[in-house]
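Heads up: the sequence shown runs through residues 416 to 893, numbered per the working numbering. In this text, a Cβ means the ideal position worked out from N, Cα and C, and glycines have one as well. From a predicted model like this one, the values you see are computed outputs, not experimental measurements.
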Amino acid sequence: MKNLEIAQIFRDIASILEIKGENVFRIRAYERAAQNIEGLSHDIDDLARQDKLEEIPGIGSDLADKIKEFIKTGKIKAYEDLKKSIPKGLLGLLNIPSVGSKTAKLLYEKLKIKSVSDLENAIHKNKLKGIFGIKEKTVENILKGIGVLKRGKERMTLARAALAAEEFVKPLEKLPDVKRLSTAGSLRRQKETVRDIDILVVSAKPEKIMSAFTNIPAVKDILAGGKTKSSVRTKDDVQVDCRVVEDRSFGAALLYFTGSKNFNIKLRQMAIKKGLKINEYGVFKKEGFVAGKSEEEIFKLLGMQYIEPEMREDTGEIELAKKFKLPELIEQKDLKGDLHVHSKYSDGSNSIEEMADACRKRGYSYAAITDHSKSLKIAHGMGAAGLKKNKSEIDRLNKKLKGFRILFGTEVEIDSNGKIDYEDGILKEFDVVVAAIHTGFKQSREQLTRRITRACANKYVHIIAHPTSRLWGGTRGL
């Protein structure tokens with residue numbers, strides 16, 4: 416997960432520079448680099464070996480050298496030196512939603528607060544009262560933010576979980592003693608957030624697999640080591656469990672360790688009614704083994720349709736499977752386009768033409784370029800001149816594209832009163848208008864609702880973006 420590690424270091428550098436009041440353009444450069452590295456579809460190690468780091472948008476020779484330094488040594492000296500310039504732990508405060516660099520600096524200067532626990536204790540002892548700029552509502556929001564941060568540490572995003580799993584799956588799959596391998600749990604169900612990683616392996620030499628698993632470079636600590644099961648914690652504080660099972664039990668184990676708790680309970684109840692017992696070792700009738708090598712044979716034995724892992728939540732899928740009426744899942748091939756993407760005209764990383772080419776390669780037939788509107792300065796929102804240039808480029812590209820259309824769109828800001836950023840005379844020129852709230856989240860529920868409903872009433876608005884403004888994984892930003 417070097418991509419995520421380097422991206423986080425660059426974000427930390429940006430935060431430290433912000434705390435120190437350094438040049439805003441330098442801060443934004445690190446933030447942009449972090450964003451682009453996180454979005455890479457390739458391992459940054461490979462790009463470094465191919466000397467292609469500077470092909471990443473926002474990565475010049477200086478940042479490329481820092482990336483190479485990290486790949487070679489596991490550290491970036493400039494970052495280590497920079498961390499020493501601020502109190503230890505202060506950086507962690509910036510992970511709390513509602514705590515920015517100025518607030519973090521103020522809290523340290525006035526109360527010597529340099530950790531999340533320090534801040535929580537100070538709030539409970541009412542020490543923040545009277546500090547300039549910190550009002551009662553601010554304290555309330557900080558407490559909520561601490562709660563979000565704690566919950567976020569308990570679970571990780573699906574994307575982060577997939578990357579963490581890959582660090583173990585790839586090397587294990589290469590072992591000649593591995594016959595079958597799969598991830599399980601909420602990662603296999605493709606849940607939005609994942610607590611830990613489960614890996615199942617079939618091998619005749621479990622002790623060799625356990626040894627290889629616990630010695631993978633990503634491992635920081637071995638939590639438990641056994642002949643057929645081991646648990647480790649990675650350098651990114653992700654718990655990964657690996658089990659070696661018999662070939663005849665692989666399907667049963669995969670079924671057991673994939674389904675949600677309620678799904679598994681209901682499946683066991685179904686088995687009991689048929690005179691069967693089902694567990695992670697297989698399906699048994701009295702004491703005899705009757706199935707377990709594959710999930711398919713188990714579902715067939717239970718007289719039901721195969722249920723895809725993503726559906727195994729006990730939300731009605733079992734009842735439909737018994738009637739062989741499960742709906743088909745949406746697959747990549749079913750997607751025809753994207754209605755919300757940003758280009759370099761605002762805060763995107765690629766040109767419109769590059770994005771159109773990427774969409775065409777995915778088999779899409781359209782894409783709406785919805786760059787930010789003028790008032791969102793942090794995302795380089797576009798004014799009239801930018802819009803004209805944007806539209807001209809889209810028209811030019813559409814003339815030469817066959818079987819694919821670029822839609823002229825925008826993501827407009829909904830202001831504090833629910834008014835849209837552009838006038839109707841401009842809005843009517845767009846093919847697609849996406850409206851969104853990016854500021855004022857501390858307003859009352861009623862005011863936020865009024866802003867959304869007023870935007871919905873605008874006849875030129877087609878889509879409301881991120882309507883819940885959900886915070887992913889407890890990180891700052893939306």
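Is it buried or exposed, Ser831, if we count other Cβ atoms within 10 angstroms and call 16 or more buried? As a working note, residue 831 is residue 416 in the sequence shown. Flag for Ser831 reads exposed.
Let me check understanding here. Comparing Cα to Cα, which of Glu524, Arg464, Ile557 and Lys529 lies closest to His539? Here the question's residue 539 lines up with position 124 in the sequence shown. Nearest option by C-alpha distance: Ile557.
Starting from Arg820, follow the alpha helix (DSSP H) in both directions and report where the run begins and ends. As a working note, residue 820 is residue 405 in the sequence shown. Unbroken run through Arg820 is the beta strand (DSSP E), Arg820 to Glu828; no alpha helix (DSSP H).
Can you give the beta carbon distance from Phe665 to Ser645, rounded, assuming they're within the 8 angstroms contact cut? Residue numbering aside, residue 665 sits at position 250 when the sequence shown is read from its first letter. Residue numbering aside, residue 645 sits at position 230 when the sequence shown is read from its first letter. At roughly 18 angstroms, the Cβ-Cβ gap does not stay under 8 angstroms, so Phe665 and Ser645 are not in contact.
Rounded to whole angstroms, what is the Cα-Cα separation between Ser516 and Ile431? Taking the sequence shown and counting its residues from 1, the one referred to as residue 516 is at position 101. Taking the sequence shown and counting its residues from 1, the one referred to as residue 431 is at position 16. Cα to Cα, Ser516 sits roughly 8 angstroms from Ile431.
Classify Thr673 as buried or exposed, calling it buried when 16 or more other Cβ atoms lie within 10 Å of its own Cβ. Taking the first residue of the sequence shown as 1, we reach residue 673 at position 258. Per the 10 Å Cβ criterion, buried.
Quickly, what does DSSP pair Gly703 with across the bridge? List them, please. Position 288 of the sequence shown, counted from the start, is the residue given in the question as residue 703. Looking at the DSSP assignment, Gly703 forms a beta bridge with Lys700.
Compare the beta carbon distance of Ala422 and Ala463 with 8 angstroms and say whether it is the shorter of the two. Translated into positions along the sequence shown, residue 422 becomes position 7. Translated into positions along the sequence shown, residue 463 becomes position 48. Going by C-beta atoms, Ala422 is not nearer than 8 angstroms to Ala463.
Same chain, Cβ closer than 6 angstroms to Val653, neighbours up to 5 away in sequence not counted: Within the sequence shown, residue 653 is the residue found at index 238, counting from 1. Counting only Cβ-Cβ distances below 6 angstroms, and skipping sequence neighbours, we find Ala579.
Tell me whether Gly888 sits in a helix, a strand or coil according to DSSP, three-state version. Along the sequence shown, one-based indexing puts residue 888 at 473. Caution applies to Gly888, whose pLDDT of 48 falls short of 50 and renders its modelled position unreliable; the value that the coordinates give is listed next. Correct three-state label for Gly888: coil.
Kindly provide the ranges of any alpha helix (DSSP H) runs that are 4 or more residues long and lie completely inside the region 790-877, ordered along the chain. 799-815, 839-842 and 860-872
Exposed unless 16 or more other CB atoms sit within 10 angstroms - verdict on Leu894: Since the displayed the chain opens at 416 and closes at 893, residue 894 lies outside it and no answer follows.
Measure from the alpha carbon of Ala633 to the alpha carbon of each residue in Leu587, Ala619, Val593 and Met770, then state which is nearest. As a first step, residue 633 must be located in the sequence shown, where it is residue number 218. Closest by alpha carbon: Leu587.
Expected contact under 8 angstroms - CB spacing of Ala706 and Met719 to nearest Å: Within the sequence shown, numbered from 1, the residue matching residue 706 stands at position 291. Within the sequence shown, numbered from 1, the residue matching residue 719 stands at position 304. Incorrect: roughly 13 angstroms between the Cβ atoms, too far for contact.
Is it true that the CB of Ser788 sits closer than 8 angstroms to the CB of Met770? Here the question's residue 770 lines up with position 355 in the sequence shown. Here the question's residue 788 lines up with position 373 in the sequence shown. For Met770 and Ser788, no; Cβs fall outside 8 angstroms.
Spell out the partners DSSP gives Asp753 in its beta bridges. In the sequence shown, counting from the first residue as 1, residue 753 sits at position 338. Paired residue(s): Ala782.
From this set, Glu453, Lys467 and Glu433, which residue's C-alpha is nearest Lys498's C-alpha? Against the sequence shown, residue 498 aligns to sequence position 83. Selected option, being the one with the closest Cα: Glu433.
Between the alpha carbons of Lys525 and Ile501, how many angstroms are there, rounded? Start at 1 with the first residue of the sequence shown, and residue 525 comes out as number 110. Start at 1 with the first residue of the sequence shown, and residue 501 comes out as number 86. Straight-line Cα distance between these residues: approximately 15 angstroms.
Sort out for me which residues DSSP pairs Thr649 with in a bridge. Residue numbering aside, residue 649 sits at position 234 when the sequence shown is read from its first letter. Paired residues: Val634.
Local Cβ density within 10 Å of Gly889, reported as buried at 16 or more and exposed below that: In the sequence shown, counting from the first residue as 1, residue 889 sits at position 474. Model confidence at Gly889 stands at a pLDDT of 42, short of 50, so the residue's coordinates are unreliable; what they give is reported in the following sentence. Gly889 is buried by the Cβ-count criterion.
Could you give the first and the last residue of the continuous beta strand (DSSP E) run that contains Leu615? As a first step, residue 615 is located in the sequence shown; it is residue number 200 there, counting from the start. Residues Ile612 to Val617.
Can you say whether Phe678 is buried or exposed, counting buried as having 16 or more other CB atoms within 10 angstroms of its CB? For the purposes of this step, residue 678 is taken as residue 263 along the sequence shown, with counting starting at 1. Buried.
Can you tell me the Cα-Cα spacing of Arg447 and Ile459, whole angstroms? To locate residue 447, count along the sequence shown from 1; it is residue 32. To locate residue 459, count along the sequence shown from 1; it is residue 44. Near 16 angstroms, if we compare the C-alpha coordinates of Ile459 and Arg447.
If you follow the alpha helix (DSSP H) that Val531 is part of, which residue opens it and which one closes it? Numbered from its first residue, the sequence shown carries residue 531 at position 116. Looking at the DSSP string, the run of the alpha helix (DSSP H) that includes Val531 is Val531 to His539.
Spatial neighbours of Leu602 within its chain, please: C-beta separation below 8 angstroms, excluding the five flanking residues on both sides. To locate residue 602, count along the sequence shown from 1; it is residue 187. Closer than 8 angstroms at Cβ, skipping near neighbours: Leu573, Ala576, Ala577, Ala580, Val609, Ile612 and Asp613.
Could you tell me the boundaries of the beta strand (DSSP E) in which Val658 lies? The residue you call residue 658 lines up with position 243 of the sequence shown. Note that residue 658 is Arg in the sequence shown here, rather than Val. Run containing Arg658: Gln654 to Val660, per the beta strand (DSSP E) assignment.
Confirm, please, whether the CB-CB distance from Leu590 to Ala668 is below 8 angstroms. As a position in the sequence shown, residue 668 is number 253, starting the count at 1. As a position in the sequence shown, residue 590 is number 175, starting the count at 1. No, the Cβ-Cβ distance between Ala668 and Leu590 is not below 8 angstroms.
Between the CA atoms of Ala686 and Ser369 - distance to the nearest angstrom: Past the edges of the chain, shown from 416 to 893, lies residue 369, and the structure says nothing about it.
Closest to Asp461 by C-alpha separation, out of Lys483, Gly507, Glu732 and Glu495, would be which residue? Translated into the one-based positions of the sequence shown, residue 461 becomes position 46. Among Lys483, Gly507, Glu732 and Glu495, the Cα nearest to that of Asp461 belongs to Lys483.
CB-CB under 7 angstroms to Leu670, same chain, minus the five flanking residues each way: which ones, in chain order? Counting from one through the sequence shown, the residue named residue 670 turns up at place 255. The residues are Glu710 and Ile713.
What's the call for Arg811, buried or exposed, on a 16-neighbour Cβ count within 10 Å? Translated into positions along the sequence shown, residue 811 becomes position 396. Arg811 should be labelled exposed.
Could you tell me the alpha carbon to alpha carbon distance between Lys623 and Asp656, rounded to whole angstroms? Indexing the sequence shown from 1 puts residue 623 at position 208. Indexing the sequence shown from 1 puts residue 656 at position 241. Going from the Cα of Lys623 to the Cα of Asp656 covers about 16 angstroms.
Evaluate contact between the region 842-853 and the region 812-826, counting only Cβ atoms and requiring at least three cross-stretch pairs below 8 angstroms. yes
In terms of DSSP beta bridges, what is His787 paired with? Along the sequence shown, one-based indexing puts residue 787 at 372. Per DSSP, Glu826.
Express the C-alpha separation of Glu734 and Lys506 in angstroms, rounding to a whole number. Locating residue 506 in the sequence shown gives position 91, where the first residue counts as 1. Locating residue 734 in the sequence shown gives position 319, where the first residue counts as 1. Per the sequence shown, the amino acid found at residue 506 is Leu instead of Lys. So the two alpha carbons sit approximately 50 angstroms from each other.
Who are the near neighbours of Lys874 in its chain, counting only those whose CB is closer than 6 angstroms to its CB and skipping five residues on each side? Mapped onto the sequence shown, residue 874 falls at position 459. Hits under 6 angstroms: none found.
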